[in-house]
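Participant:
Protein chains in written order, with our numbering: chain A, 3 to 325; chain B, 49 to 293.
Spelled out as structure tokens, the structure:
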């Protein structure tokens with residue numbers, strides 16, 4: 003990234019961060035719109051890490067998102083973390099960083115447990131199907147989890163904490179920026195070199211001393227951690243965590259499409275993709291409510307036809323042609 | 049003393065795919081700073097032998113040891129870290145990376161596994177094979193001969209004691225072949241790396257190698273100086289067929 007675009011990024015983030023101070027902004031429609039763009043951008047970044055940079059097409063993002071959401075809801079509603087402090091501070095779980103990190107951690111541990119057998123035995127399409135199956139298994143487990151998971155209905159967290167959407171907005175923005183920066187740093191480290199090597203040619207990577215299984219499982223777990231934290235954030239917005247809402251396939255499919263449209267294997271692609279695709283989905287939902295899936299589907303087909311490598315790659319191509 | 053001298057030792061290595069015996073009872077010893085040619089007609093088992101040494105296949109029977117340590121069946125990345133590097137018959141470079149990044153993988157993760165001087169090591173390896181000018185070019189845009197050179201640079205950057213070359217001249221024109229011969233000589237003289245070199249261009253092998261091993265139908269039929277090997281009756285038969293009665 004050039005110096006100029008770095009400054010542009012800083013200014014855009016600063017403007018977004020100050021937006022809630024504009025009178026009336028919090029009540030405007032686009033405020034919640036932006037919150038969802040941030041949330042989806044984090045999910046897209048999560049998928050991009052394992053699939054875009056790592057080359058392992060995972061179709062289990064929704065499972066990790068749901069695990070993070072459920073972890074948060076269970077810790078909160080059962081008060082497993084803060085004990086008597088909860089009585090004196092009734093909002094202690096609301097955006098609690100420890101709770102959110104635990105949401106990510108549970109998802110990451112699940113990814114290691116399932117990733118070790120899947121990634122050592124399955125490649126390509128078969129790995130993708132394996133992760134899809136894993137997602138379904140997790141959902142069934144939570145539906146049948148009895149009182150602990152609230153069964154088919156799920157868990158309701160105390161919505162009395164809710165006062166304004168401002169904290170959601172800021173935390174979402176912060177997460178989006180933090181994941182982008184973290185992945186950028188990671189990809190410039192020696193681990194990033196290994197991840198690209200494994201994506202490009204697994205056999206050559208191991209012949210050069212790279213423990214390919216370790217590298218792939220680490221990417222899968224890192225991706226799951228990010229999705230888990232995003233799920234945790236979503237709990238603070240929706241309050242009711244149920245198997246049909248947080249384990250919905252959309253939490254995997256939409257970030258996947260956003261990343262592909264924005265540009266897989268790039269840092270800004272998932273963010274740009276989340277913004278553009280969510281705008282298209284939302285606009286279609288408002289303008290032509292009866293046909294909105296058609297419009298969304300058409301957009302994806304057109305994007306695949308004319309931007310096969312995503313919007314970020316298009317701008318790179320233009321730069322190369324111009325140079 | 050003898051255990052220190054020997055780099056690679058194959059003892060009675062056998063590899064069977066179903067009913068087909070691809071390698072039968074192979075014994076090979078590679079010492080330090082040796083350049084050994086490995087030749088044989090198509091299907092003789094040359095590539096399979098490489099894949100057994102680098103643990104892509106496990107041998108059906110027999111033992112592979114490196115510097116006196118049994119390495120039969122350990123993970124490929126651990127073999128690389130012990131000091132055995134290789135190139136591939138169908139070139140395997142990291143296509144989305146630049147030439148420099150490719151070589152960095154070897155420098156950072158190979159037997160040297162040095163993070164501190166990785167950049168210097170990588171640049172020196174590119175210099176050795178004459179790719180300094182292509183340092184920041186993406187591999188996908190490079191010619192076949194440059195990619196073959198890059199594979200060797202990546203292997204050299206990993207600081208191996210033994211380098212396995214799998215047909216590095218396949219698909220190269222005469223000028224490029226001469227360049228490759230020069231590079232292989234430099235790798236041996238300047239780096240002191242032992243090499244086991246599979247090649248179909250027998251004349252190149254005979255000119256450059258100190259020792260030649262011949263495989264035919266999975267058996268080792270000759271092992272000696274180029275002069276000995278070219279006069280070996282079994283070798284002549286394997287390449288030209290048996291003389292008419």
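Idealized CB from N, CA, C, for every residue including glycine.
(1) With three or more beta-carbon pairs closer than 8 Å as the criterion, would you say the segment 55-75 of chain A touches the segment 290-301 of chain A?
(2) What is the residue span of the beta strand (DSSP E) that residue 132 of chain B lies within?
(3) Which same chain residues end up closer than 7 Å to residue 233 of chain B when comparing Cβ atoms and leaving out the 5 residues on each side of it in sequence?
(4) Over what stretch of residues does the beta strand (DSSP E) that includes residue 118 of chain A continue unbroken?
(5) Give the single residue among B/161, B/136, B/117, B/171 whose Cα lies nearest to the Cα of residue 96 of chain B.
(6) What does residue 265 of chain B touch in chain A if you count any residue whose Cβ is under 7 Å from its own?
(7) Roughly how many angstroms separate the alpha carbons of residue 243 of chain B and residue 196 of chain A, rounded to a whole number?
(8) How would you call residue 275 of chain B, buried or exposed, if buried means at least 16 neighbouring beta carbons within 10 angstroms?
(9) Pull up the distance between the alpha-carbon of residue 283 of chain B and that of residue 259 of chain B, whole angstroms please.
(10) Pick out the complete alpha helix (DSSP H) segments inside the segment 180-223 of chain B, 4 residues or longer, and give them in chain order.
(11) Indicate the three-state DSSP secondary structure (helix, strand or coil) for residue 251 of chain A in the structure shown.
(12) When you compare the CB of residue 324 of chain A with every CB in chain B, is at least one pair closer than 9 Å?
(13) So, with DSSP's three-state summary, where would you put residue 68 of chain B?
(14) Please look up how many angstroms separate the CB atoms of residue 158 of chain A and residue 242 of chain A, rounded, as I've assumed it's under 8 Å.
(15) What residues of chain A sit near residue 206 of chain B, judged by a beta carbon separation below 7 Å?
(16) Around the C-beta of residue 61 of chain B, are 16 or more other C-beta atoms found within 10 angstroms, so that it is buried, or is it exposed?
(17) What residues in its chain sit with their C-beta under 6 Å from that of residue 178 of chain A, if we drop five residues either side in the sequence?
(18) On the DSSP bridge list, what partners appear for residue 28 of chain A?
(19) Report the three-state DSSP secondary structure of residue 146 of chain B (helix, strand or coil).
(20) How would you label residue 192 of chain B, buried or exposed, when you count the other beta carbons within 10 angstroms and need 16 or more for buried?
(21) For residue 273 of chain A, collect the residues of the same chain with a Cβ closer than 8 Å to its Cβ; drop the 5 residues on either side in sequence, then sort them by chain order.
(22) Closest to residue 128 of chain A by CA distance: which of A/89, A/88, A/185, A/60 is it?
(23) Checking 9 Å against the spacing of the C-beta atoms, do residue 103 of chain B and residue 89 of chain B come in under that value?
(24) Just to make sure I have the definition right: I need the residues of chain B whose C-beta is within less than 7 Å of the C-beta of residue 198 of chain A. Which are they?
(25) Once DSSP output is grouped into helix, strand and coil, what is the label at residue 192 of chain A?
(26) For residue 264 of chain B, which of helix, strand or coil comes out of DSSP?
(27) What does the Cβ neighbour count give for residue 150 of chain B, buried or exposed, with the cut at 16 atoms within 10 Å?
(28) According to DSSP, simplified to helix, strand and coil, what is residue 109 of chain B?
(29) What is the DSSP secondary structure of residue 73 of chain B, reduced to helix, strand or coil?
(30) Let's test the definition: count the other Cβ atoms within 10 Å of the Cβ of residue 141 of chain B and tell me whether it reaches 16, buried, or not, exposed.
(31) DSSP three-state call for residue 18 of chain A: helix, strand or coil?
(32) Start and end of the beta strand (DSSP E) containing residue 245 of chain B?
(33) Going along chain E in order, which residues have a C-beta closer than 7 Å to the C-beta of residue 195 of chain A?
(34) Would you mind sorting residue 58 of chain A into buried or exposed? The rule is 16 or more other CB atoms within 10 Å of its CB.
(35) So, is residue 49 of chain A buried or exposed, given that buried needs 16 or more other C-beta atoms within 10 angstroms?
(36) Taking the Cβ atom as the reference point for each residue, do residue 69 of chain A and residue 112 of chain A lie within a distance shorter than 9 Å?
Facilitator: Quick look at the numbers:
(1) no
(2) 132-134
(3) 256
(4) Element bounds for residue 118 of chain A: not the beta strand (DSSP E) but the alpha helix (DSSP H), 99-123.
(5) B/136
(6) Simply none; closest approach about 26 Å.
(7) 26 Å
(8) exposed
(9) 14 Å
(10) 192-205
(11) coil
(12) Low confidence applies here, because residue 324 of chain A scores a pLDDT of 43, under 50, leaving its location unreliable; read the following figure in that light. It does not: the Cβ of residue 324 of chain A has no partner Cβ on chain B nearer than 9 Å.
(13) strand
(14) 5 Å
(15) 210, 211
(16) buried
(17) 40, 43, 44
(18) Looking at the DSSP assignment, residue 28 of chain A forms no beta bridge with any residue, so it has no partner.
(19) strand
(20) exposed
(21) 43, 46, 47, 178, 182, 264
(22) A/60
(23) no
(24) 142, 144, 145
(25) helix
(26) strand
(27) buried
(28) strand
(29) strand
(30) buried
(31) helix
(32) 242-246
(33) The structure shown contains no chain E; its protein chains are A and B.
(34) buried
(35) buried
(36) yes
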